[in-house]
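Protein chains: 2
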Amino acid sequence: MTTVLVVDDQPLQRYGFRMLLDSVPETEVVGEAAHGAEAVRKAAELRPDVVLMDVRMPGMDGIEATRRIVAAGDRSRVLVLTTFDIDEYVYAALRAGASGFLLKDVRPEELLAGIRAVAAGDAVIAPALTRRLLQEFARLVPPAGDGSAQDPRLASLTEREREILVAIGKGWSNSEIAGHFVLAESTVKTHVGRVLSKIGARDRIQAVIFAYDHGLARPHAG
Amino acid sequence: MTTVLVVDDQPLQRYGFRMLLDSVPETEVVGEAAHGAEAVRKAAELRPDVVLMDVRMPGMDGIEATRRIVAAGDRSRVLVLTTFDIDEYVYAALRAGASGFLLKDVRPEELLAGIRAVAAGDAVIAPALTRRLLQEFARLVPPAGDGSAQDPRLASLTEREREILVAIGKGWSNSEIAGHFVLAESTVKTHVGRVLSKIGARDRIQAVIFAYDHGLARPHAG
DNA sequence: GGGCGGGTGGTACCGGGGTACTACGACCCG
DNA sequence: CGGGTCGTAGTACCCCGGTACCACCCGCCC
Chain A
1 MTTVLVVDDQ PLQRYGFRML LDSVPETEVV GEAAHGAEAV RKAAELRPDV VLMDVRMPGM
61 DGIEATRRIV AAGDRSRVLV LTTFDIDEYV YAALRAGASG FLLKDVRPEE LLAGIRAVAA
121 GDAVIAPALT RRLLQEFARL VPPAGDGSAQ DPRLASLTER EREILVAIGK GWSNSEIAGH
181 FVLAESTVKT HVGRVLSKIG ARDRIQAVIF AYDHGLARPH AG
Chain B
1 MTTVLVVDDQ PLQRYGFRML LDSVPETEVV GEAAHGAEAV RKAAELRPDV VLMDVRMPGM
61 DGIEATRRIV AAGDRSRVLV LTTFDIDEYV YAALRAGASG FLLKDVRPEE LLAGIRAVAA
121 GDAVIAPALT RRLLQEFARL VPPAGDGSAQ DPRLASLTER EREILVAIGK GWSNSEIAGH
181 FVLAESTVKT HVGRVLSKIG ARDRIQAVIF AYDHGLARPH AG
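Residue numbers (the UniProt record's numbering), protein chains in the order written: chain A, 1 to 222; chain B, 1 to 222.
See the structure below:
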């Protein structure tokens, strides 16, 4: 038996969900909420297996409510529902920790399958959204593990120059680089000058950008 | 009617798929292939709506075959199947341009639903994989614009100062920034100075790094 | 040996970047 | 009204970064 909390500001919509979910033996609606704040409160109180969450609501919206419910760590999974397939909602919901994202025009059996999957710890995405998500994903991932088709400008650097470029990418000044590699500052200047010339950067700022774009420098999000 | 090309090195597996797909009126298997090279050739020849592609095959594997079929641009969608839920396969397949990824233990009706979705231009992911994909996605995206758990230094910036920081992140000089925003260079210097002070950067180079680390600047790998 | 590329140094110069400080209009709020 | 924030703008000053040019050493290879 899967317990469900239905969150939607439209009473009629909640009624529809309740009818559907209570009509099958495997799910049971244990509570309803009309807005985000109530959803957070009831989720903490009822500890449902799944929270069926509408995105657009007055007051605290579904995204923020999702974030808080997930942060509470009560093992409740959140399945987000929306009328429109607006991308920003999708991304925001996923960042908020939602386990799934479906459109409201989902067929009943698909919704039930979605709830089943989410309750089991899996995740679901509406097929229409999955395509865009995959495109976005493919766009994000490639720079991480390519390795073969690297920039010829990068290949033209000597070992030492690459080290210098990495140091530039860390934001070090010439004197700091000199200190780190035990070199004269004039030597560092020579190296930096050659690096800039080889990669076609007019100054070390664009060299930093080059380093980030080519994976020589990596975010460490502090 | 959806035409399907079945690609698998196991004859018995192909037979199973053919029986299933030909048993319903909406799909028809128009061809089979036993390895990647044959798959690429037959896809070009038969122009199926959907290619059901096994990942593990002798010779050219399903990933490479997928890449070539997608690159051919014949509008064939590739639905990748694998026995194991190995992540690297998933990511590689998605990068290769696959429209879907399902496990071989999928229930027949889910496979049919998947083929239907892919033929319609949507995408599908096995629920068990979707969860991991979403986690990965959430890991990749958050720096883009979280809103809650973001750096207080970033929050302390005014709207204008954030714009300036983004411009700095693009590698623009003060005069370029001035030109872009139609400001006096002295004004830009004032803004830049305040930005550096607020985020605790000693010069614009470290501001560039800050921008990248906090998602205000994005790699564009060129 | 001589040439060559890479790494290491130096000097000299100049311009952009950063700092310090000041100032004023617009706007909001108590 | 006064006070605060924000955006705008200016002047003056100094220093780091970038460039140009040169020089030496080392290892390698023709």
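Even for Gly, the Cβ is constructed at its ideal location relative to N, Cα and C.
Listed along the chain, the chain A residues whose CB falls inside 7 Å of the CB of A128 (chain B) are D122.
Among the CB atoms of chain A, none fall inside 8 Å of the CB of G62 (chain B). Scanning A:R162, A:A119, A:D151, A:R204 for the CA closest to the CA of E26 (chain A) turns up A:A119. Residues of chain B whose Cβ lies closer than 7 Å to the Cβ of L134 (chain A) are, in chain order, L94, A123. At a beta-carbon threshold of 9 Å, the residues of chain B lying near F137 (chain A) are Y91, L94, R95, L133, E136, F137, L140, ordered along the chain. Contacts between I209 (chain B) and chain A, judged by CB atoms closer than 7 Å, involve G171, V208 in chain order. Within the UniProt domain "HTH luxR-type" (150-215) of chain A, those residues whose Cβ lies closer than 7 Å to any Cβ of chain B are, in chain order, G171, R204, I205, Q206, V208, I209, Y212, D213.
In the assembly as shown, V182 (chain A) is an exposed residue. Its beta-carbon has fewer than 16 other beta-carbons within 10 Å. When DSSP states are grouped into helix, strand and coil, F101 (chain A) belongs to the strand group. Taking C-beta atoms as the reference points, V78 (chain B) and V90 (chain B) fail to come closer than 8 Å.
When the alpha-carbon of A117 (chain B) is set against those of A:A123, A:P127, A:G114, the nearest one is in A:P127.
In the pairwise beta carbon analysis, the segment 16-24 of chain B is classified as not touching the segment 33-43 of chain B: fewer than three pairs are separated by under 8 Å. The three-state reading of DSSP puts E109 (chain B) in helix, counting H, G and I together.
Its chain contains R153 as the residues whose beta carbon lies nearer than 8 Å to that of G200 (chain B), once the 5 sequence neighbours on both sides are disregarded; these appear in chain order.
Going by DSSP, R77 (chain B) is part of the beta strand (DSSP E) stretching over 77-82. Here L165 (chain A) has L157, V195, A207, A211, L216 as same chain residues with Cβ atoms under 7 Å from its own Cβ, once five neighbours each way along the sequence are excluded. For A33 (chain A), the three-state secondary structure derived from DSSP is strand. Contact check for D49 (chain A) against T83 (chain A) fails: the beta carbons are separated by 8 Å or more. Taking all protein chains in view, the Cβ of R204 (chain B) is crowded by 16 or more other Cβ atoms within 10 Å, so the residue is classified as buried. When 7 Å is used as the limit between beta carbons, A117 (chain A) is near these residues of chain B: P127, in chain order.
Per DSSP, the continuous alpha helix (DSSP H) segment holding V188 (chain B) begins and ends at 185-199.
Cβ atoms of A92 (chain B) and I125 (chain B) stay farther apart than 8 Å, at about 14 Å. Under the three-state reduction of DSSP output, E64 (chain B) falls in the helix class. Within the same chain, Cβ atoms closer than 6 Å to the Cβ of R67 (chain B) are found at A96, the five residues on either side in sequence being excluded. The Cβ-Cβ distance between L21 (chain A) and V29 (chain A) falls below 8 Å.
Collapsing the DSSP output to three states places T158 (chain A) in coil. Around the Cβ of D105 (chain B), a 10 Å sphere holds fewer than 16 other Cβ atoms; the residue is exposed. Within the same chain, and ignoring the five residues on either side of T187 (chain A) in sequence, the residues whose Cβ sits closer than 8 Å to its Cβ are A178.
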